[in-house]
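In order, the protein sequence lines correspond to chains Z and U. Using the numbering used here, the letters of the first sequence correspond one by one to residues 1 to 202. Using the numbering used here, the letters of the second sequence correspond one by one to residues 1 to 202. Glycine included, each C-beta is placed from N, C-alpha and C at the ideal position. Worksheet: the structure to be examined is printed underneath.
There are 2 protein chains.
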Amino acid sequence: MIGATDDAGDGSAAVPRTSGDTRAEIQEAALDLFGRQGYEKTSLREIAERLDITKAALYYHFRSKEDLLRALAEPLRRDMEEFLAGLDASARNAPDEVLGSYFDICVRHAALLLALLRDLSSLTRVGLVEDVMGWRRRLDAVLVGEDADMPARMGAIIALGGLQDLAVFLAPEQARAHRGRAVAVALAALLEGAGPRTPGMD
Amino acid sequence: MIGATDDAGDGSAAVPRTSGDTRAEIQEAALDLFGRQGYEKTSLREIAERLDITKAALYYHFRSKEDLLRALAEPLRRDMEEFLAGLDASARNAPDEVLGSYFDICVRHAALLLALLRDLSSLTRVGLVEDVMGWRRRLDAVLVGEDADMPARMGAIIALGGLQDLAVFLAPEQARAHRGRAVAVALAALLEGAGPRTPGMD
DNA sequence: GTCTATATTTGGATAGAC
DNA sequence: GTCTATCCAAATATAGAC
């Protein structure tokens with residue numbers, strides 16, 4: 001599902017490497033290294049060495065380093081856009097369900113989000129950071145309204161930001177095991193921001 | 001207070017540049033650029049050009065790029081360690097006061113934290129990220145206890161992480177204006193994590 | 001304390017053989 | 001589809017003059 005690969009053959013003649021799909025292997029190695037060291041600090045040489053191929057071989061599959069990153073980000077992009085489109089379609093969105101779905105997506109793409117986190121500045125120029133910011137704004141609007149005041153927005157920022165952080169830092173099993181409470185915690189923050197449960201503090 | 005500078009002279013003979021303390025100017029320019037573009041993507045040439053000096057001149061004041069970064073991080077380090085030492089000393093620490101003080105420190109050092117955020121991976125090797133993680137663990141312990149279970153810890157993670165994010169993303173005046181509610185939101189998350197206010201969700 | 005070189009390394013990227 | 005060889009640009013860092 002990740003790349004439109006061209007073959008089904010793992011029984012080819014004398015394939016130099018493991019299975020058959022070098023392109024997918026490159027993406028896998030790159031995502032791991034980007035997440036560990038950041039995009040900028042990871043060189044193509046390093047990725048190539050990990051797979052025991054040459055730099056030049058990478059350039060057959062991806063036209064540039066940026067191109068590789070863009071391909072990596074595609075699944076998240078698709079996922080999130082689809083989710084947001086669904087929200088726009090339905091009239092009423094229960095906050096806890098919105099938060100829950102957002103958490104799920106973050107968990108599913110935790111590796112990429114970690115890479116994003118490791119090297120935020122580099123990723124700005126491929127438009128990734130802008131995308132994420134845009135999604136967050138749209139979610140804010142769904143949760144607290146288009147023109148919420150600052151305190152209300154703060155609740156949304158902490159709720160969504162907290163969920164995203166958790167998804168990245170928790171191991172996948174932990175994230176799954178504690179999904180319920182994660183959402184509950186985020187919801188508490190959201191409500192405290194929106195409704196003056198603790199008035200007279202601004 | 002930032003660097004142990006050596007002079008008091010702004011009236012020296014024919015000082016090439018603005019005031020007198022080039023070292024401080026370098027730090028200021030570097031922090032701004034690191035925060036804007038990240039550590040890795042900011043070259044020493046760029047910093048030098050901004051101040052209209054040469055790269056080589058930088059090497060007189062700082063032995064390396066890493067050294068410059070370390071110097072930049074010193075004030076935060078001192079501030080946070082002092083705060084944590086104070087917490088260890090006092091017997092009881094009210095959660096909202098702990099959260100508030102943490103927020104204040106984050107706001108005060110927002111520029112550095114932003115740089116940290118922009119290029120997390122590069123900053124790992126100077127030990128900065130490890131430090132931040134260590135501080136967070138110690139704060140977790142203060143807030144929810146040394147051996148809290150995962151749900152409780154999640155409350156602390158979201159509360160502290162959210163405050164840190166807010167401090168970085170908000171303009172200083174906004175941060176000051178909404179400090180009260182920021183702490184209240186974080187506190188709500190903390191409590192929801194610790195006490196099962198919404199039971200049966202794990 | 002700052003300058004003009006310059007050394008050294010490493011990165012991304014291309015051409016052309018196999 | 002992968003390799004060898006190579007180019008080019010840019011960055012960190014150093015040496016030595018002023």
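Residue i classed as buried or exposed, judged by whether at least 16 other C-beta atoms fall within 10 angstroms
{"i": "residue 80 (chain Z)", "result": "buried"}
{"i": "residue 165 (chain U)", "result": "buried"}
{"i": "residue 140 (chain U)", "result": "buried"}
{"i": "residue 22 (chain Z)", "result": "buried"}
{"i": "residue 153 (chain U)", "result": "buried"}
{"i": "residue 38 (chain Z)", "result": "buried"}
{"i": "residue 78 (chain U)", "result": "exposed"}
{"i": "residue 175 (chain U)", "result": "buried"}
Nearest-angstrom Cα separation, counted from residue j out to residue i
{"i": "residue 46 (chain Z)", "j": "residue 191 (chain Z)", "result": "46 Å"}
{"i": "residue 36 (chain U)", "j": "residue 59 (chain U)", "result": "22 Å"}
{"i": "residue 181 (chain U)", "j": "residue 193 (chain Z)", "result": "7 Å"}
{"i": "residue 85 (chain U)", "j": "residue 132 (chain U)", "result": "15 Å"}
{"i": "residue 209 (chain Z)", "j": "residue 70 (chain Z)", "result": "Residue 209 (chain Z) cannot be examined here, being either before or after the span of chain Z that is shown, 1 to 202."}
{"i": "residue 98 (chain U)", "j": "residue 171 (chain Z)", "result": "28 Å"}
{"i": "residue 48 (chain U)", "j": "residue 54 (chain U)", "result": "5 Å"}
{"i": "residue 179 (chain U)", "j": "residue 101 (chain Z)", "result": "30 Å"}
{"i": "residue 186 (chain U)", "j": "residue 177 (chain Z)", "result": "23 Å"}
{"i": "residue 72 (chain Z)", "j": "residue 124 (chain Z)", "result": "15 Å"}
{"i": "residue 114 (chain U)", "j": "residue 134 (chain U)", "result": "18 Å"}
{"i": "residue 96 (chain U)", "j": "residue 184 (chain Z)", "result": "20 Å"}
{"i": "residue 57 (chain U)", "j": "residue 110 (chain U)", "result": "28 Å"}
{"i": "residue 31 (chain U)", "j": "residue 68 (chain U)", "result": "10 Å"}
{"i": "residue 40 (chain Z)", "j": "residue 117 (chain U)", "result": "14 Å"}
{"i": "residue 89 (chain U)", "j": "residue 146 (chain U)", "result": "16 Å"}
{"i": "residue 74 (chain U)", "j": "residue 173 (chain U)", "result": "24 Å"}
{"i": "residue 169 (chain Z)", "j": "residue 62 (chain Z)", "result": "30 Å"}
{"i": "residue 148 (chain Z)", "j": "residue 91 (chain Z)", "result": "19 Å"}
{"i": "residue 136 (chain Z)", "j": "residue 103 (chain U)", "result": "22 Å"}
{"i": "residue 122 (chain Z)", "j": "residue 122 (chain U)", "result": "12 Å"}
Closer than 8 Å to chain U by CB, residue i
{"i": "residue 181 (chain Z)", "result": "yes"}
{"i": "residue 105 (chain Z)", "result": "no"}
{"i": "residue 166 (chain Z)", "result": "yes"}
8 Å CB neighbourhood of residue i in its chain, flanking five on each side removed
{"i": "residue 120 (chain U)", "result": "129"}
{"i": "residue 51 (chain Z)", "result": "17, 22, 25, 26 and 29"}
{"i": "residue 189 (chain Z)", "result": "155, 158, 159 and 162"}
Test: residue i CB closer than 8 Å to a CB of chain Z
{"i": "residue 185 (chain U)", "result": "yes"}
{"i": "residue 85 (chain U)", "result": "no"}
{"i": "residue 192 (chain U)", "result": "yes"}
{"i": "residue 175 (chain U)", "result": "no"}
{"i": "residue 188 (chain U)", "result": "yes"}
{"i": "residue 178 (chain U)", "result": "yes"}
{"i": "residue 18 (chain U)", "result": "Only weak support exists for where residue 18 (chain U) lies, its pLDDT of 46 falling under 50; the coordinates are left without a value."}
7 Å CB neighbourhood of residue i in its chain, flanking five on each side removed
{"i": "residue 127 (chain Z)", "result": "none"}
{"i": "residue 138 (chain Z)", "result": "84"}
{"i": "residue 42 (chain U)", "result": "33 and 34"}
{"i": "residue 144 (chain U)", "result": "152, 153, 155, 156 and 194"}
{"i": "residue 65 (chain Z)", "result": "44"}
{"i": "residue 105 (chain U)", "result": "79, 80 and 83"}
{"i": "residue 76 (chain U)", "result": "109 and 112"}
Cutoff 6 Å; reference residue i; Cβ partners in own chain excluding five residues on either side
{"i": "residue 107 (chain Z)", "result": "167 and 175"}
{"i": "residue 87 (chain U)", "result": "93 and 142"}
{"i": "residue 11 (chain Z)", "result": "With a pLDDT of 33 at residue 11 (chain Z), under the threshold of 50, the modelled position of that residue is not reliable, and the figure given next carries that caveat. Within the same chain, residue 11 (chain Z) has no close Cβ partners at all."}
| query | Going along the stretch 26-52 of chain U in order, which residues come within less than 7 Å of chain Z, judged by CB to CB distance? | reply | From the stretch 26-52 of chain U, only 37, 38, 40 and 41 have a Cβ closer than 7 Å to chain Z.
| request: Determine which residues of the stretch 135-164 of chain Z have a Cβ less than 7 Å from any Cβ of chain U, and write them out in chain order. | output: Against chain U - using a Cβ distance shorter than 7 Å - the residues of the stretch 135-164 of chain Z are 150, 151, 154, 155, 157, 158, 161 and 162.
| Quick one, which residues of the stretch 107-137 of chain Z are near chain U if we go by CB-CB under 8 Å, in chain order? | Hits within the stretch, in order: 117, 118, 119, 120, 121 and 122.
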